[in-house]
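Everything on this sheet refers to the single structure shown next.
Residue numbers (my numbering): 1 to 766.
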């Protein structure tokens, strides 16, 4: 059972709850952004950073992966509130060095909150925790690399090491990182995609042959209908609101499908437009559909059924030419949805017939539809099936490979898609490994490696000795937190390349290292020259990024430098891969990327273009589908209603407005009306009354899975408009409730958006 949260550094006794906001952004968003930026970076440093953020000659935001406008269409302030917070967190003038670690033992730090840990500042020198020691202590870089190499080379099997990657790593870092792991002899390359959009990749690979979205930013602008599903753009990717505003101005209709009515999909007060400052802003969603948690598969099968039956009646709602020329399996899918039981749809979705009918009418009217989704869709047991159903509807109406139409999985981290493109994947296909081997004269292993869940299981079961993390906060981001913390302690060595202190550094192996890299906002003078890196956004656009700020410390090294130096220490100076040349000049890496990664021929020259270039995408570009069938595939999926026992609720974990992934910027969520705390659970008012609870009561949240009880403590209940039987609360505080083996079929992605819980009043019994 997870211990109660620490209370010595966060006092939530003054937590206040008011009404949710009616709109996102506005002047308040500007004020909060500037307060964070100047408060942590100082005015001069903030001015330099923010004026270069997301600019053609600047650096890419460390936050979300929403694409940038074309070079000539960018604002002078091309960032959002949460982007400014992300930069401020990285470029803070607060530092964590030897004195800090000498003053704070690991045991003491374990009693601190995630929020407090992150607020201590940038880690400015490498540190080590020796076996049996109570404190981290400084270590020279050369000794740190030698220590890792010693552990790796002592393994009797390379597969007893695992190399995790967060989404912030650049393309150059990701490419040399996967190259090092495979040169060492393992495909154990878990990454944060395993936890956020693996379901999207699997579903899209099977149905259209490419595991990426099929739209550009211009498609969003020119769509007739935009469906926003399972996401909260106002918090998680706020610049999407600007794109939705452009689409509305061009005549688009927007449908929001989400259990919660989020202000960011309802109304946007663009602070760069007069109507966003002194007016009411732009109304975005024409229709909000409060679907029950996990009801999206049923809803889209109902949409498909209605479209097929309208087509049977002679209505022109499907694209017969596209279906005949570019797809397989239509009749099998059509027969499947024709047999759909409306009563099952009502039970699964919680929606009445009129609401479903209103959604269907939106699809019938539109000839150019973009469907967007995020983790509210991907983190369910039936997530892959749900995304396939989204694809079915898009295929039936010919909404792929047309201007203003397509599929849009919205990635949550700035380069998570680029990392996968560069080969960070435990299941990379043989053709990619063949190209790596031909370029570098190595022999990559062919056996698939460990994903994130399998890595945790291997640590738990004593099958891994070395865990290496390139960025991220693995322990807090993963499900089943108590299990993960205990599992990490079984490793002989844990290594974290990290800019800031986090919970993962305190759940460590017998030996532990923290290696601090340069941040994306900082100048990279590796090799004695100003280096640039590249990243890929959610829509397959690749561009350069150059940090403008002086580094927080002279002891920081770039991620590329860290990986290449580790490779030299482990594999030897005479290894066939030119690690030193790539470390000294990233151009050498990009030349290799150009010869290995499809669509990247002439990579160095392509990223010289202002704004970069867009990778090829056959379904989008030419309506060709690289599936085994050579066509796009309709996929019927069984429909099961997720039943919740009486007295229980279905919980989804989500972010507050004051966080990005596991990084906590502050203790407010002003869009949902929460101030001064995070331990809240949102529940429908009727469900609260029936449970004998009232606004302001405190409860424990309890989940039971496989006979094992999981509990998190002391959450304030908040009445909130959402479907009956549903609840919502913030992660990482609620990640301990998510069982390790509760995951999506096929993709093995944690099912963090559908956890059955009950509310136990404080002091009550289980």
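All residues carry an ideal CB built from backbone N, CA and C; glycine is no exception.
As for any beta strand (DSSP E) of minimum length 3 sitting wholly inside the stretch 342 to 406, the runs are 369 to 373, ordered along the chain.
Judged by DSSP secondary structure, residue 248 falls within the alpha helix (DSSP H) whose first and last residues are 240 to 249. Between the alpha carbons of residue 308 and residue 213 lies a distance of about 25 Å. Going by C-alpha positions, residue 423 is about 7 Å away from residue 175. Put simply, the backbone Cα of residue 296 is about 10 Å away from that of residue 382.
Assignment of beta-bridge partners to residue 743 by DSSP yields 750. Membership of residue 468 in the beta strand (DSSP E) is indicated by the continuous run 466 to 470.
Of the residues 714, 69 and 188, the one whose Cα lies closest to the Cα of residue 611 is 69. Counting only residues of its own chain and dropping the five nearest sequence neighbours on each side, residue 652 has a CB closer than 6 Å to the CB of 293, 728 and 753. In the three-state reduction of the DSSP assignment, residue 421 falls in the helix class, which pools H, G and I. Inter-residue distance for residue 613 and residue 271 is about 29 Å (C-alpha atoms, whole angstroms). Taking the Cα positions, residue 749 is about 36 Å away from residue 523. Of the other Cβ atoms in all chains shown, fewer than 16 fall within 10 Å of the Cβ of residue 280; this residue is therefore exposed. Taking the C-beta atoms as reference points, residue 512 is found nearer than 7 Å to residue 494. In the DSSP assignment, no residue is bridged to residue 531.
Sequence-distant partners of residue 589 (beyond 5 residues in either direction) whose C-beta falls short of 8 Å from its own C-beta, in its chain, are 172, 175, 176, 560 and 582. Beyond the five residues adjoining it in sequence on each side, residue 430 comes within less than 7 Å, by CB distance, of 446 in the same chain, given in chain order. Looking at the DSSP output, residue 730 shares a beta bridge with 654. Counting along the chain, residue 761 sits inside the beta strand (DSSP E) bounded by residues 755 to 761. In the pairwise beta carbon analysis, the stretch 672 to 688 is classified as not touching the stretch 316 to 335: fewer than three pairs are separated by under 8 Å. Fully enclosed beta strand (DSSP E) runs of no fewer than 3 residues occupy 287 to 289 of the stretch 286 to 341, in order along the chain.
Straight through space, the alpha carbons of residue 344 and residue 121 are spaced by roughly 52 Å. Runs of the beta strand (DSSP E) lying entirely within the stretch 685 to 737, each at least 3 residues long, are 698 to 705, 708 to 719 and 726 to 730 in chain order. Your pair residue 518 and residue 45 does not check out as a contact, with CB atoms roughly 15 Å apart and the cut at 8 Å. In this structure, the CA atom of residue 341 is about 12 Å from the CA atom of residue 638. Its Cα nearest to that of residue 498, the residue 168 stands out among 48, 168, 401 and 757. Below 8 Å, too few C-beta pairs join the stretch 698 to 706 and the stretch 622 to 633 to call them touching: fewer than three.
Excluding its 5 nearest sequence neighbours in each direction, residue 566 has C-beta neighbours in its own chain below 8 Å: 145, 148, 149 and 180, listed in chain order.
In this structure, the straight-line span from the alpha carbon of residue 35 to that of residue 72 is close to 29 Å. DSSP places residue 260 in the coil class of the three-state scheme, outside both helix and strand.
For residue 562, no beta strand (DSSP E) run applies; the uninterrupted alpha helix (DSSP H) run containing it begins and ends at 559 to 571, by DSSP. By alpha-carbon distance to residue 77, the top candidate from 30, 94 and 110 is 30. Each of 226, 506 and 183 was checked against the Cα of residue 563, and the nearest Cα belongs to 183. Straight through space, the alpha carbons of residue 558 and residue 592 are spaced by roughly 19 Å. In the structure shown, the three-state DSSP call for residue 526 is helix.
In this structure residue 735 is buried. Its beta-carbon is surrounded by 16 or more other beta-carbon atoms within 10 angstroms.
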